[in-house]
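**Student:**
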Amino acid sequence: MAAPWRGDGDGGPRHPNFVSSALATWGTQLAVAVLSLANVLVVARSLGATGRGDVAFLTVIAYVVSQLSLLGVEQANVNFASAEPGLRPALATNSVLLALLLGTVAAGAVGGLIALFPQVGGHSSAGLRWLVLASVPMLILQVYLLFLAQADYAFGFANAAYLLAPLVNVSVNGLLAALGALSVGVAVAACIGGQVLGTALMAWYVGRRAAGFGRPDLRLARRSLGFGMKAHAGQTMLLANYKLDQWLVGAIAGAHQLGVYSVAVAWAEALFYLPTALAAVQRPDLVRSSGGDAGQEAAAVFRVAVLTTLLIGAGLVLAAPFLCVTVFGVEFQDSVVQLRVLTAGAFGVVALKLLGNALTARGKPLLETAAVGIAFVATVALDIVLIPGHGGVGASVASVLAYSAGGIAVTIIFARALGASWGSLVPRWHDARVLGRVGRRFSARLVPSRAATANTFRGDG
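Taken in order, the sequence shown gives residues 53 to 513; the numbers are from the working numbering.
Following this line, the structure appears as structure tokens:
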């Protein structure tokens, strides 16, 4: 039975201050990054580069297969739930059923593919492969429910669920490593267990604190799949830019090369958390905004994100020897160059995430897909050319070039589709002052009104 709606007087949810939500979500993303890196350190120190590579290979399989199986339903969830709150109970139940169906089909298909072509499964054990494949429906459901919660402005619950998995992971692995009992199988099982707990928390929120689970709606499911499939191609190709290189490094260059490369990727991904957090927090507002306003709002956040990424990226470049060698050991010396190269691709990622998010929020997912398609073609071509002869360094160069191509493409498409001027996308001195004001407000625990926050990002505050 669906719970009564707990929104405000107009039938929609009360939403928190944008800056506070963005900072909290980004803080969660950074905490997840720290915990994930700590887990990488524990596994790498205990099992070595080869053991770390085996764990990374299996977890990448689970992640890639689940993401490929989403079919864009999560994008429909956040758009439809933001624009039409009354659909939320049916969207929640449809999410459960679609996750079970799509996840089961995908896991079976990948299992069959590995049976026909064993090299696709690398050197991992069959039992562990089936374990990660069995988790695919659960991972799909977690994403579906997470986007429903974001449409409800429930960023606190979404952040808690997101944080739970790496917290459990590093706690279990750290304890077992100290006892000398850590193995590849245990590390993979701990990862999946944390994801199960995160999914359970999101299901509890949707069922007890949000609109609840209602009757399934076949017509709505078809509508969700229709919208979602338009966005899914772009999301799938974007995923390829993030994860396909690791799969190919593991399958082509071996577990040791993947272990080294995964350390560089783990540090570089710290740059991706800011645009991810900003896109999630801004999405419900962009759905509700007019086209022109949405373009200006997205451009304002993009400028601030570029400046912040520049500062963090410079820090990573300077600290790369400490982060890779001092923290992880001499065995990971080659990851220093890889990290420095990967840092250059962060600006393309910022554009793809924030400007592409705005296009899909405004009901133009095919335009985002077109931009991401350019990056995808570059990723596939360059990975095939560079990884066999250059391993992790080749994968790093391929990623940077692909991110940059996609970033340029989405910037051009965004400006034309939403009427944003080129100047609105170029960082300016005022944006640096915005960062200072946001920092002071956050440190002073001030929570300005929504209007004041909007004015701050638009330049009126």
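Every residue gets a Cβ at the ideal spot worked out from N, C-alpha and C, and that includes glycine. Nothing here was measured: the structure is a model prediction, and the numbers come from that model.
#1: Are the Cβ atoms of residue 240 and residue 139 separated by less than 8 Å?
#2: Taking one C-beta from the segment 112-129 and one from the segment 191-201 each time, how about it: are there three or more such pairs within less than 8 Å?
#3: Find out if the Cβ-Cβ distance for the pair residue 392, residue 372 is shorter than 8 Å.
#4: For residue 383, which residues from the same chain have a beta carbon less than 6 Å from its beta carbon, with the 5 sequence-adjacent residues on both sides left out?
#5: For residue 353, does the three-state DSSP call read helix, strand or coil?
#6: Quick test of your reading: residue 461 and residue 423, contact by CB under 8 Å. State the CB separation rounded to the nearest angstrom.
#7: Going straight from the alpha carbon of residue 54 to that of residue 387, what length do you get?
#8: Buried or exposed for residue 288, please, with buried defined as at least 16 other CB atoms from any protein chain shown within 10 angstroms of its CB.
#9: What does a CB cutoff of less than 8 Å around residue 108 pick up in its chain, not counting 5 residues either side in sequence?
#10: Among 344, 159, 133, 286, which residue has its Cα nearest to the Cα of residue 272?
#11: Specify, as a first and last residue, the run of the alpha helix (DSSP H) that residue 420 falls within.
#12: Among 484, 204, 94, which one has its Cα closest to the Cα of residue 135?
#13: Enumerate in chain order the residues of its own chain whose CB-to-CB distance from residue 295 is below 7 Å, with the five nearest sequence positions on each side excluded.
#14: Do residue 394 and residue 451 have their CB atoms nearer than 8 Å?
#15: Determine the burial state of residue 284: buried for a count of at least 16 other Cβ atoms within 10 Å of its Cβ, exposed for fewer.
#16: Around the Cβ of residue 72, are there at least 16 other Cβ atoms within 10 angstroms (buried) or fewer (exposed)?
#17: Residue 136 by DSSP, collapsed to three states: which one?
#18: Quick one: grab the DSSP three-state call for residue 267.
#19: Is the distance from the Cβ of residue 199 to the Cβ of residue 130 below 8 Å?
#20: Could you compute how far the alpha carbon of residue 499 sits from the alpha carbon of residue 75?
#21: Quick one: Cα of residue 253 to Cα of residue 266, how far?
#22: When you compare each of 335, 244, 211 to residue 222 by their alpha carbons, which one comes out closest?
#23: Is residue 463 closer than 8 Å to residue 407 when the C-beta atoms are compared?
#24: Give me the residue from 276, 354, 454 with the minimum Cα distance to residue 146.
#25: Would you say residue 88 and residue 318 are within 8 Å of each other, going by their C-beta atoms?
#26: Applying the criterion that 16 or more other CB atoms from any shown protein chain within 10 Å of the CB defines a buried residue, is residue 436 buried or exposed?
#27: DSSP three-state label for residue 6, please.
#28: Taking the alpha-carbon of residue 96 as reference, which of 474, 316, 255 has the nearest alpha-carbon?
#29: Three-state secondary structure (DSSP) at residue 73?
#30: Could you tell me if residue 448 is buried or exposed, where buried requires 16 or more neighbouring beta carbons within 10 angstroms of its beta carbon?
#31: Hey, could you find the ends of the alpha helix (DSSP H) residue 243 is sitting in?
#32: Can you tell me which of the three DSSP states residue 500 falls into?
#33: List in chain order: all unbroken alpha helix (DSSP H) runs of 4+ residues lying wholly within the segment 178-237.
#34: In this structure, how does DSSP classify residue 124 when only helix, strand and coil are distinguished?
#35: Taking the continuous alpha helix (DSSP H) assigned at residue 328, which residues delimit it?
#36: Quick one: measure Cβ to Cβ for residue 158 and residue 187, integer angstroms, because I've assumed they're closer than 8 Å.
**Tutor:** Taking the geometry as given:
#1: no
#2: yes
#3: yes
#4: 101
#5: Correct three-state label for residue 353: helix.
#6: With 8 Å as the limit, residue 461 and residue 423 qualify as a contact, their Cβ atoms being about 4 Å apart.
#7: Confidence at residue 54 is low in this model, with a pLDDT of 37, below 50, so the placement of that residue is unreliable and no value is reported for it.
#8: buried
#9: 298, 302, 310, 311, 314
#10: Relative to residue 272, the option among 344, 159, 133, 286 whose CA is nearest is 133.
#11: 417-470
#12: 204
#13: 112, 115, 116
#14: Yes. Within cutoff.
#15: By the neighbour-count rule (16 or more Cβ atoms within 10 Å), residue 284 is buried.
#16: buried
#17: coil
#18: The answer is coil: DSSP assigns residue 267 none of H, G, I, E or B.
#19: yes
#20: Low per-residue confidence applies at residue 499: pLDDT is 46, beneath 50, and the placement is therefore not dependable enough to give any value.
#21: 18 Å
#22: 244
#23: yes
#24: 276
#25: It is a contact, given that the beta carbons lie within the stated cut-off.
#26: exposed
#27: Past the edges of the chain, shown from 53 to 513, lies residue 6, and the structure says nothing about it.
#28: 316
#29: helix
#30: So residue 448 counts as buried.
#31: Element bounds for residue 243: 236-256.
#32: Caution is warranted here: a pLDDT of 46 is assigned to residue 500, below 50, making its placement in the model unreliable, and the coordinate value is therefore given only provisionally. Looking at residue 500 - three-state DSSP - the assignment turns out to be coil, as it is neither helix nor strand.
#33: Counting only runs of 4 or more, we get 178-186, 188-203, 207-230.
#34: coil
#35: 325-340
#36: Residue 158 to residue 187, Cβ: 11 Å. No contact.
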